[in-house]
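Heads up, the sequence shown is in our numbering, so the first residue is 107 and it goes up one at a time. We put the beta carbon where it would ideally sit given N, CA and C, even for glycine. Fair warning: this is a prediction, and the values are worked out from it, not measured in the lab. First comes the structure, then the notes that go with it.
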Amino acid sequence: MFNVVTVPTFSRTVKVKVPDGDGHLEQSFKGLFKVVPSDQSEGLDWFETEGVKEFLREVMISADDLVDDKEKPIPYSEEIREGLLNLPYVRMALLKTYTTALIQDALGN
Numbered sequence: 107m108f109n110v111v112t113v114p115t116f117s118r119t120v121k122v123k124v125p126d127g128d129g130h131l132e133q134s135f136k137g138l139f140k141v142v143p144s145d146q147s148e149g150l151d152w153f154e155t156e157g158v159k160e161f162l163r164e165v166m167i168s169a170d171d172l173v174d175d176k177e178k179p180i181p182y183s184e185e186i187r188e189g190l191l192n193l194p195y196v197r198m199a200l201l202k203t204y205t206t207a208l209i210q211d212a213l214g215n
């Protein structure tokens, strides 16, 4: 039996490699995503920043485990989302997390 869900959602840990000196620091937050029909990403130029941001605005519902530079928890908001999407390394991490989740789920891993 197949359960048809209109808008499936899922949460995953988003691992972000933050540039630091000669290397990177791995940080993470919890992202809540919704699955969008594949036709919404068809023809998307993955190297065109605004198109990728628009796609991520559509699939990213919220984020948890966010802190400021003093390690104080901060709530998710549209302003925070836009700040995250303005960072190329966060955009890459979000895309990787979203697509990996869908591929792994499809493969049954």
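Comparing alpha-carbon positions, the option among LYS178, VAL110, PHE161 and VAL173 lying closest to LEU191 turns out to be PHE161. Rounded to whole angstroms, the Cβ separation of ALA199 and LYS121 is 6 Å, and the two are in contact under 8 Å.
In the three-state reduction of the DSSP assignment, GLY129 falls in the strand class.
In this structure, LYS123 sits away from ASP171, with a CB-CB distance that is not shorter than 9 Å.
Contact between VAL165 and TYR195 does not hold, since their C-beta atoms are separated by about 18 Å, which reaches or exceeds 8 Å.
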